[in-house]
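There are 2 protein chains.
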Amino acid sequence: MIVIDEEHIFREISTKRPQSVSLNGPEGILAQVQKTAINITKKFGIPAFVIADTTWGSCDINESSARTLGTGIHFNIGHTISMDTIGNTVMVDAFDDVSFDSVAVKCAQLLKSGTVAVVTDSQHLHQIQKVVEILQKHGIKTVIGAGKGQLNDGQVFGCEFYPATSLCNDVDSYLFLGQSNFHAAGVALSTGKPTYVLDPYFNEVREISEFAELLRKKATLSIYKAAEAKRFGIVVGLKEGQLSKTVGLKFKKELESLGKEVEMFALTDITNDRLVNIHNVDAFIQVACPRISIDNKFDMPVLSTPQAQGLLRVLRGENLDEYLRLPHWL
Amino acid sequence: MIVIDEEHIFREISTKRPQSVSLNGPEGILAQVQKTAINITKKFGIPAFVIADTTWGSCDINESSARTLGTGIHFNIGHTISMDTIGNTVMVDAFDDVSFDSVAVKCAQLLKSGTVAVVTDSQHLHQIQKVVEILQKHGIKTVIGAGKGQLNDGQVFGCEFYPATSLCNDVDSYLFLGQSNFHAAGVALSTGKPTYVLDPYFNEVREISEFAELLRKKATLSIYKAAEAKRFGIVVGLKEGQLSKTVGLKFKKELESLGKEVEMFALTDITNDRLVNIHNVDAFIQVACPRISIDNKFDMPVLSTPQAQGLLRVLRGENLDEYLRLPHWL
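Protein sequence lines correspond, in order, to chains S and X.
Position one of the first sequence corresponds to residue 6 (our numbering), numbered consecutively onward.
Position one of the second sequence corresponds to residue 6 (our numbering), numbered consecutively onward.
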C-alpha cells in the first residue's frame, strides 16, 4: 500500500498557513493523493486542489499550473529526490509498504554467488538497506551506488542511472526493487549488464534483458528510418524541467549543415495525437524526455536526445556505437 | 484557403526585434501556421517555434507556454477578437478567402422573406457585409448584432453569443456563415430560434435545430444523472482564460449545503482520459469551458457551468428552465 508522508504536508501547512493548497502525483497513486486532499480540508478547512495533469517525474512537477491556480503551497507527491523542494514546490515522499523479504531470499537462492548492485525507484528507497542485509546474509556481495544530483544512493529515474552506471565495472548484475520494467530496462540499457526485477507483489525474480533489447532494437530502427527523412521537426518540451531549447536549436543547426530541413515546435505532452496534426514533417526529434521516444508508439520516427546523437553519427557515416550506454539520457 | 495576416506579424517583429518568437493556432490551420513560421525564419533569421498544444479560443492562447519557452513575441493566430493583444500575446487574424456569394443567393431563394441576423466565427468575419448586401438585394431583411467584450459585430464564440441573443426578439432566424455546426448549434441553443448554416464549401444551406436539440437532450440527461450522484468532483481549468476558481468553490459550497460530498480538481485539458484516473467520484462539474461538456463524450456526467446551475435548481426541486438560453455559457 502507498503511504503518503502526510505529516510532512501538515507541518508545512501549519507553518505557512496558506489559504489553499494544490497537490499532484503520478496516476498510480492518485487515489491516495485524493485521500490526502480530503484529509487536508478536514484538518485545516482550506480547499485542497488535486492537479490531475500528468506528472512524470521531478522534471514535471506542475509548478506553473499551481502558479496559475494561485494556491499557497504546491505539493508534488511520490517523486522522492535528494532535495526537499524544487523552486516553490514541496516534494513529498510516498512509500510503498510492501516487503521484499521473501523475494530477496528467492533472488539470493537463484544467484547463489557474485556481486550485485541494488537499485530502485522512489517508492521503495526505504527498503534498500534491508534487502542488502538479506542478500549479504545469503552470501551475495552487494553494493549500492552513490547518488548524484537529484538522485539518492541506489535510486534511478527513468532517464538517469548514475548509481547504476558508476558501478558498471564492479558488479556482475543489477537488482531492481519494484515492479517497474520501465526503470529496470533503463538500467539494463545504460549499463549493458544483466538486470533482474525483484517484484514483491508477484514474489518473482525476472530478468529484463529481452524486454530491454526489444526497446533498444525499436529505438535503433527509428534512428535508421529518421536518417532517410528530408524534413525534420524538433520538439522542445514545455514542462518545467524538460525545456531543452538550446539542445533543440543545436540539433537544428547540425541537421541543416547535413542538408536536412528543420522546423521548430513546442509541446507540453508529446503524444502521437498531437504530432499527427503537424504537416510535412518526416521525422521528429524531441528533446524533452528520452522515455517518450523509447516507450511509446508513434506513426513516424520520434527520436530522443541520445537517439538524435546516434542519428548525427549515422548521417556523418560514423559508427552508431552504444548510444544508450549513458548515465543520463539527455 | 486560410490566409494568415503575415504583414501584421512581420511589422511586430521589425519593430520589437525579438531573438525568437512563438506561434500557435487551432489544429485546422496548423499547416498555414507552420508556413508562417518558416517565412519568419527566412525573413528575420530567428527561430520561430510553433506551439502545437491545443488553442481552443481567446481563453486559451498558451501565453504561459510562451513564457516557459522564453520567446520574445508570442502570436496567437486565428482567434480574431475586438482587441489586438491579450496580455503579452499578439492576436493575429487568419481569414478564409472562400466566397459566400453563391450560397447566400441560394439561402435568399430558400427563405423568400422575413428578418434574419447574420453571425459568423473569426475566419469569415470579413465576409459578413457582403452577405448582408446579397440577402438584402434579394428582399431578405438582414441585421447584424452589436459586438460586446471581445466579440466583434456579428461574431460568436463557441460559448458566447451576444450579437445573436441581443436580437432574439427582432428576427425570425439566424444565418451562420461557415462550416461550423458547433458554433451554429450554440446560436440555436442560446436563442431558441431556427438557425441555418451557410456552408460555402458544400454550397449548402442546412438547418441546425435537430443537431442542436440532440446536444441539448444529452446535456439535460447529464444533469438528471448527476442529480443522483453522491460524490462530486469540481474541475477548475488551468488554461489562462478558463480559470474560474471562485465559481468552482461556490458550486462546492452549494452542493455541500445540499448534502453532497465534493472534491476539488484542476486540469489543463479536461478529457475523459484524465477524468477516468480519478477515483470515487460519481459526477463532475467543470467550470473551464462549457463546450467541453456539451460536445464531448464522457464515461460519467461532466456538467458545464450552466448545466451545474440547472443541477442546483433540480436538487432544490425547482424547474430546470431553459438553462442554455443564455448569451454567455459561463
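Yeah, the Cβ is synthetic: ideal placement off N, Cα and C, and Gly gets one too.
If I'm right that residue i touches residue j with Cβ under 8 Å, what's the distance once you round it to whole angstroms?
i                 : j                 : result
PHE105 of chain S : LEU182 of chain S : 6 Å
ASN277 of chain S : LYS302 of chain S : 7 Å
ARG236 of chain S : VAL286 of chain S : 5 Å
GLY62 of chain X  : GLY163 of chain X : 7 Å
GLU165 of chain X : PRO311 of chain X : No, GLU165 of chain X and PRO311 of chain X are not in contact; Cβ-Cβ is about 12 Å, not under 8 Å.
ASP101 of chain X : PHE187 of chain X : Incorrect: roughly 16 Å between the Cβ atoms, too far for contact.
ILE133 of chain S : GLY83 of chain S  : Not confirmed; about 17 Å, so no contact.
HIS284 of chain S : ALA36 of chain X  : 4 Å
Starting from residue i, trace the alpha helix (DSSP H) in both directions and tell me its first and last residue.
i                 : result
ARG330 of chain S : Run containing ARG330 of chain S: none; DSSP gives neither H nor E here.
PHE9 of chain S   : Checking the sequence, you will find Ile at residue 9 of chain S rather than Phe. It is not in any alpha helix (DSSP H) - ILE9 of chain S instead sits in the beta strand (DSSP E) that spans 7-9.
PHE166 of chain X : No alpha helix (DSSP H) holds PHE166 of chain X; DSSP gives it neither H nor E.
ILE139 of chain S : 133-142
PHE49 of chain S  : 35-49
ASP278 of chain S : 277-280
LEU74 of chain S  : 68-74
SER298 of chain X : 295-300
Go to residue i, then tell me how far its beta strand (DSSP E) extends in each direction, as first and last residue.
i                 : result
GLN291 of chain S : 288-291
GLU215 of chain X : Not the beta strand (DSSP E): GLU215 of chain X falls in the alpha helix (DSSP H), residues 214-232.
ILE78 of chain S  : 78-82
PHE100 of chain X : 99-101
ALA53 of chain X  : 53-56
VAL176 of chain X : Note, VAL176 of chain X: premise wrong, no beta strand (DSSP E); not H, not E.
THR147 of chain X : 146-148
SER27 of chain S  : 26-29
Tell me, please, which residues DSSP counts as bridged to residue i.
i                 : result
GLU266 of chain S : S:ARG236
ALA109 of chain S : Per DSSP, none; premise fails for ALA109 of chain S.
LEU182 of chain S : S:THR125 and S:LEU203
ALA271 of chain S : S:VAL241 and X:ILE56
LEU308 of chain S : S:ILE290
GLU209 of chain S : S:ASP204
ASN93 of chain X  : DSSP output for ASN93 of chain X lists no bridge partner at all.
GLN160 of chain S : S:THR125
THR120 of chain X : X:LYS146
LYS153 of chain S : S:LEU156
Comparing C-alpha positions only, which one of the options sits nearest to residue i?
i                 : options                                   : result
SER87 of chain X  : X:HIS284, X:ASN93, X:ASP98 and X:GLY77    : X:ASP98
VAL55 of chain X  : S:VAL108, S:LEU280 and S:PRO306           : S:LEU280
ASN81 of chain S  : S:CYS112, S:ASN29, S:PHE49 and S:TYR179   : S:ASN29
PHE289 of chain S : S:LEU317, S:ASP300, S:GLY315 and S:ALA231 : S:ALA231
ASN282 of chain S : X:ALA217, X:CYS112, X:ILE7 and X:GLN39    : X:GLN39
MET6 of chain X   : X:LYS111, X:VAL103, X:THR196 and X:LYS153 : X:VAL103
GLU209 of chain S : S:ALA109, S:GLN155 and S:LEU130           : S:ALA109
PHE15 of chain X  : X:PHE162, X:THR251, X:HIS79 and X:CYS294  : X:HIS79
SER19 of chain S  : S:SER27, S:SER178, S:PHE49 and S:ILE43    : S:PHE49
PHE263 of chain X : X:GLU11, X:LEU320 and X:HIS284            : According to the sequence displayed, residue 263 of chain X carries Leu and not Phe. Comparing Cα-Cα distances from LEU263 of chain X to each of X:GLU11, X:LEU320 and X:HIS284, the minimum goes to X:LEU320.
ILE297 of chain S : S:ASP287, S:GLY191, S:VAL137 and S:SER214 : S:GLY191
ARG22 of chain S  : S:ASN44, S:THR59, S:GLY33 and S:THR76     : S:THR76
SER25 of chain S  : S:ALA42, S:PRO168, S:PHE187 and S:LYS255  : S:ALA42
SER118 of chain S : S:LYS142, S:SER107 and S:GLN132           : S:LYS142
LYS250 of chain S : S:ALA293, S:GLU11 and S:ASP304            : S:ALA293
TYR179 of chain X : X:TYR206, X:ASN93, X:VAL136 and X:LYS255  : X:VAL136
ARG211 of chain S : S:ALA193, S:HIS333 and S:VAL8             : S:ALA193
ILE2 of chain X   : S:HIS129, S:MET269, S:SER27 and S:GLU17   : With chain X running from 6 to 335 in the structure shown, residue 2 of chain X is simply not present.
GLN128 of chain S : S:PRO205, S:GLU233 and S:LYS47            : S:PRO205
ALA313 of chain X : X:ILE228, X:GLU233 and X:LEU116           : X:ILE228
TYR328 of chain X : X:ILE275, X:LYS255, X:LEU226 and X:LEU272 : X:LEU226
PRO306 of chain S : S:GLU323, S:LEU335, S:GLY322 and S:ILE275 : S:ILE275
ASP10 of chain X  : X:PRO31, X:THR46 and X:THR85              : X:THR85
ILE239 of chain X : X:ALA224, X:LYS255 and X:GLU233           : X:LYS255
GLY152 of chain X : X:GLU138, X:ILE139, X:LEU130 and X:LYS146 : X:LEU130
GLU261 of chain X : X:ASP304, X:LEU317, X:ASP326 and X:GLN114 : X:LEU317
- Message: Under 8 Å: do the region 62-72 of chain X and the region 240-251 of chain X share three or more Cβ pairs, one atom per stretch?
- Response: yes
- Determine, using beta-carbon pairs with one atom in the region 149-161 of chain S and one in the region 113-125 of chain S, whether at least three such pairs fall under 8 Å. Yes: at least three Cβ pairs fall under 8 Å.
- Message: Using a Cβ distance threshold of 8 Å, determine whether the region 190-206 of chain S contacts the region 161-174 of chain S, with at least three qualifying pairs required.
- Response: Cβ pair count under 8 Å is three or more, so yes.
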